[in-house]
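Let me begin by presenting the structure, written as structure tokens, before commenting on it.
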Amino acid sequence: MEAKHAWGIEVGDFALKAVRLQLTGDQVSVVAFEVIPHTKVLSDPSISDRAGMVQITLGAFVQQHAQELATEPIVMSLPSSMAFARFATIPAVDPKSLRSMVEYEAKQQIPFPIEEVEWDSHVLPADDLGQCAIGIFAVTKDRLQELLALYAENGLEPDVLTLSSVAVYNALQYDMQLDVGSPSVACLDIGTATSDLIVMSGPKMWIRTFALGGSQFTQAIADAFSSQNIDYSRAEAVKVQRNPNEKTLRGRTMAMRSITSQLVEEVGRSRDFFLSANDGATLDHIIGVGSTLKISGLRTKIAGDLQLRVERLERFKRIEVSGPDPVQFEERSINLLTAIGLGLQGLGLAKVPLNLAPIARVRRKVWQAKTPWFVAAAALLLLASVSMFARVLLDRVALSRVDGVVGRAASTAGIGKQQVNSLQQAQQTAAIGASDANALDLLAGRDVWPWIIHDMFAALESTKPPVVETGSDPEAIRAIDLGRRRLVRLEDLSGEYKFDPANQSRTIEVSARIRLSGRIGDSDRDPTMFLNNEKEGVLAWLRANKDRPEVPYVIDADTLNVPTWTEVVGGKLSEQLPPSGDSTGDGGFGSSDGGGFGGIAAGGAGAGQSGGGALKKRNQGPIEDKGGGFRGSLGSGDDAATEESAGESEGSEGSRSGARRRTKTQVTAVEGLPEVDMAKDAPLPQAPALMGEKDKEFEGVLKFRLKLRSTGSPSAGAEGAAQ
2 MEAKHAWGIE VGDFALKAVR LQLTGDQVSV VAFEVIPHTK VLSDPSISDR AGMVQITLGA
62 FVQQHAQELA TEPIVMSLPS SMAFARFATI PAVDPKSLRS MVEYEAKQQI PFPIEEVEWD
122 SHVLPADDLG QCAIGIFAVT KDRLQELLAL YAENGLEPDV LTLSSVAVYN ALQYDMQLDV
182 GSPSVACLDI GTATSDLIVM SGPKMWIRTF ALGGSQFTQA IADAFSSQNI DYSRAEAVKV
242 QRNPNEKTLR GRTMAMRSIT SQLVEEVGRS RDFFLSANDG ATLDHIIGVG STLKISGLRT
302 KIAGDLQLRV ERLERFKRIE VSGPDPVQFE ERSINLLTAI GLGLQGLGLA KVPLNLAPIA
362 RVRRKVWQAK TPWFVAAAAL LLLASVSMFA RVLLDRVALS RVDGVVGRAA STAGIGKQQV
422 NSLQQAQQTA AIGASDANAL DLLAGRDVWP WIIHDMFAAL ESTKPPVVET GSDPEAIRAI
482 DLGRRRLVRL EDLSGEYKFD PANQSRTIEV SARIRLSGRI GDSDRDPTMF LNNEKEGVLA
542 WLRANKDRPE VPYVIDADTL NVPTWTEVVG GKLSEQLPPS GDSTGDGGFG SSDGGGFGGI
602 AAGGAGAGQS GGGALKKRNQ GPIEDKGGGF RGSLGSGDDA ATEESAGESE GSEGSRSGAR
662 RRTKTQVTAV EGLPEVDMAK DAPLPQAPAL MGEKDKEFEG VLKFRLKLRS TGSPSAGAEG
722 AAQ
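Structure representation (structure tokens):
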């Protein structure tokens, strides 16, 4: 079932309140609502441009809901202080005479020339004596045009304009389902400048508006606290403050005492006037709406002085909330009753469908809505007329084209047969399947490099660094004595693939540049024992795991070497130490920079750990650190060379271990635009330094050879980089 939507919008002195209602079958639900306060309360005496502030609020609302507002009915309210409402009683007559009698009463009741106002009326059901009560409502055309022009500037063109008090009546009448015999219920709607007392006696209504509202309470507080520099805006906040201190509460209560008494007096006078005009009626229940009723003690004062049951509207019985948050809607429901009533009228559910919009405007909108139907009907008529004469001509043209179509179809079929024959000949010549084995050879060896990376990190982890050293707490890492740190970091990993045609053997010569600070023994210049520990050393792990069936290679333990160490002081490569006496193997092979096997650079596990990242600069001077963590990148020698040359200009500055650095990036100058220095305009933050300027680390290149298990012919370039 297609849903119907409508907007109800109230522009009050405090805020814009809007509700979008949806009617699905018999169920009404709220699918969207907005409460947008003005920059300042419009009743603030310091405001000089009320219209401008309203435009700002309307603009924000329309921009947010422009799509729905352009296609759905819009019903807006007029403040009760702006319009005129009177009730009269006439005898029950036939419908033909009723209109003339209502017009006569309107001319008598409206205190303006009838041609200067827009007016509408509503006839209430007749009572037991055959009397009909009529409500007459009017607004001057000048004020109405001024308001409509303000709305039009922001793209709002309401379909219906009604009184806010009538909208409140429609909302309560729908939600409470009041009918003949229902007890009388009143609604006290305290606005910013005025208040309305709407009495509902079954299907009948009675409305009285008096010039007393929330602004009088605010002004009284501002006057009472003027010595404390509290202006009107701050007084508004004091008025609705929930838990003020004792001094503020006492001062607020004293300031509002006279206004509260006036409000109670006006409500009591309105009740007495209604009861005097309706013999036998009773009124002991009032529903309160409006933010002013949130003032602590106000409801209790009204109820106690007038012996009435006063309750605030908290939730609706027949209206669901399907779009917005129900809790947020319930918090605002005390201020949304008018907007709900407006939306119900847009859905055609209003008990009193009052419309004070100018008649000319209403007619124009009706014709605009019907225009597309008129255009569609004319287009269909024209199309039917043209088709009667065009059909014969089209048939003749189609018949004349048949011969050409048949010829093109035959030609296309002949070309298709030729293509099929060519395909069959090509398949016979190609000997599909002869090179399947060569294609599978492309997949051989693809698991070698992942195993190398896995084994390298497993070997480094065999030193069993504590969790705190691989963690992300710089203070905890710095607290560990430098000589007791067990983390071994991989700075660079590369390999050189070689093929021996004589015995069809394939090998990879691995170079791993590592850095560590831990060492064993009294010497602080030789970490070899730490690296070569028989139980937890890196070399011990590689020897113990040299031959595993699932791994595609065998580690040649005889080629394992103890690196030649270079001291790293304060992040700078220092002197090269003499070779260790525990050196094993043939002293290594290949290039210390990794050769052409590509490279993987992986940092230590510690966040911001010194040297954790791809080491791009090997000469004396600062070492560029690309950040901590197990981050790596596969790259080529060209990339490394580019980074090395980019860092030459910074070699003399020096850096502390762990400091993040990057090369100076210049954007190519474009005419009319200044050069951009990324290092200056967008600097990277400094990583925490984990090493002192005089702290020592050791760096060396660990080398060994891998023998691939399978044999075969090498790919293009028997010896060279492979990954």
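If you count the sequence shown from 1, you need to add 1 to reach the working numbering. All residues carry an ideal CB built from backbone N, CA and C; glycine is no exception. The structure displayed is predicted, hence computed values, not measured ones.
Cβ-Cβ distance between residue i and residue j below 7 Å
i	j	result
Ile222	Val265	no
Arg313	Leu294	yes
Arg134	Thr90	First, the residue type needs correcting, since residue 134 is Ala and not Arg in the sequence shown. Result yes, Cβ atoms of Ala134 and Thr90 sit closer than 7 Å.
Leu179	Ala187	no
Leu337	Val76	no
Leu70	Tyr175	no
Gln23	Ala4	yes
Ser30	Ser323	yes
Val140	Ala84	yes
Gln110	Arg87	yes
Gly342	Asn171	yes
Ser202	Ala127	no
Leu151	Ala238	no
Pro466	Leu488	yes
Pro80	Asp160	no
Ala225	Gly252	yes
Glu331	Arg316	yes
Asn356	Asp121	yes
Leu540	Ser518	no
Arg447	Pro553	no
Glu147	Pro359	no
Of the residues the options, the one placed nearest residue i, counting alpha carbons only
i	options	result
Ser183	Ser277, His286, Leu130, Thr471	His286
Leu348	Leu381, His6, Leu299, Lys695	His6
Ile801	Ser334, Trp207, Asp232, Ser271	A question about residue 801 goes unanswered here, because the residues of the chain that appear run from 2 up to 724.
Ser196	Glu568, Glu267, Ser234, Ile509	Glu267
Phe699	Phe531, Gly136, Ile556	Phe531
Lys499	Arg490, Asn422, Leu491, Ile509	Ile509
Val103	Ser44, Phe15, Phe138, Gln687	Phe138
Gln65	Glu497, Gly156, Arg516, Val169	Gly156
Ser185	Ser81, Ile288, Val468, Ile296	Ile288
Ile556	Arg490, Ile453, Leu483, Leu424	Ile453
Val55	Thr25, Leu149, Trp8, Asp456	Leu149
Thr25	Val468, Leu350, Val406	Leu350
Arg243	Ser292, Ser227, Gln425	Ser292
Proximal residues to residue i (C-beta, below 6 Å), its chain only, five neighbours per side dropped
i	result
Lys240	Phe218, Thr219, Ile222
Gly131	Ala93
Val702	Ser512, Arg514, Pro564, Ser593
Ser271	Leu198, Arg209
Asn230	none
Phe705	Val511, Thr560, Leu561
Ala212	Thr195
Phe15	Val42, Thr193
Ala438	The pLDDT assigned to Ala438 is 49, lower than 50, so where the model puts this residue is not dependable, and the model offers no usable value.
Arg516	Arg490, Glu492, Gly612, Glu698, Glu700
Element boundaries [beta strand (DSSP E), containing residue i]
i	result
Trp207	205 to 211
Arg1	Outside the shown range of the chain, which is 2 to 724, sits residue 1, and nothing can be said about it.
Phe138	132 to 141
Phe113	Where Phe113 is concerned, there is no enclosing beta strand (DSSP E), given that its DSSP letter is neither H nor E.
Gly9	5 to 12
Close Cβ partners of residue i (< 8 Å) along its chain, the five nearest in sequence each way excluded
i	result
Ala459	Trp542, Asn546
Thr254	Gly298
Glu11	Leu17, Lys18, Ala19, Met77, Ser78, Ser165, Ala168, Thr339, Ala340, Leu343
Lys352	Tyr170, Asn171, Gln174, Tyr175, Pro204
Enclosing alpha helix (DSSP H) for residue i [first to last residue]
i	result
Ser259	247 to 278
Pro475	475 to 479
Arg21	No alpha helix (DSSP H) holds Arg21; the beta strand (DSSP E) holding it covers 16 to 25.
Ser216	215 to 225
Phe62	51 to 65
Ala459	449 to 462
Leu357	Looking at the DSSP string, Leu357 is not in any alpha helix (DSSP H), and its letter there is neither H nor E.
Ala236	233 to 240
Neighbour flag for residue i against chain D, beta carbons, 7 Å
i	result
Val449	Absent here is chain D; the protein component of the structure consists of one chain.
7 Å CB neighbourhood of residue i in its chain, flanking five on each side removed
i	result
Glu106	Ala89, Ile91, Ile135, Ile137
Is the region 201 to 219 in contact with the region 183 to 192, if contact means three or more CB pairs nearer than 8 Å? The region 201 to 219 vs the region 183 to 192: in contact.
With a threshold of 8 Å, are at least 3 pairs of Cβ atoms found where one atom belongs to the region 491 to 511 and the other to the region 466 to 477? Verdict: no, contact absent.
Does the region 197 to 211 come into contact with the region 21 to 41, if we say contact requires no fewer than three beta-carbon pairs (one atom in each stretch) closer than 8 Å? By the C-beta criterion, the region 197 to 211 is judged not to be in contact with the region 21 to 41, since fewer than 3 inter-stretch pairs fall below 8 Å.
Spell out a yes or no on whether the region 55 to 72 and the region 96 to 107 are touching, meaning 3 or more CB-CB pairs, one atom from each, closer than 8 Å. The region 55 to 72, when compared against the region 96 to 107, does not touch it at the 8 Å Cβ threshold.
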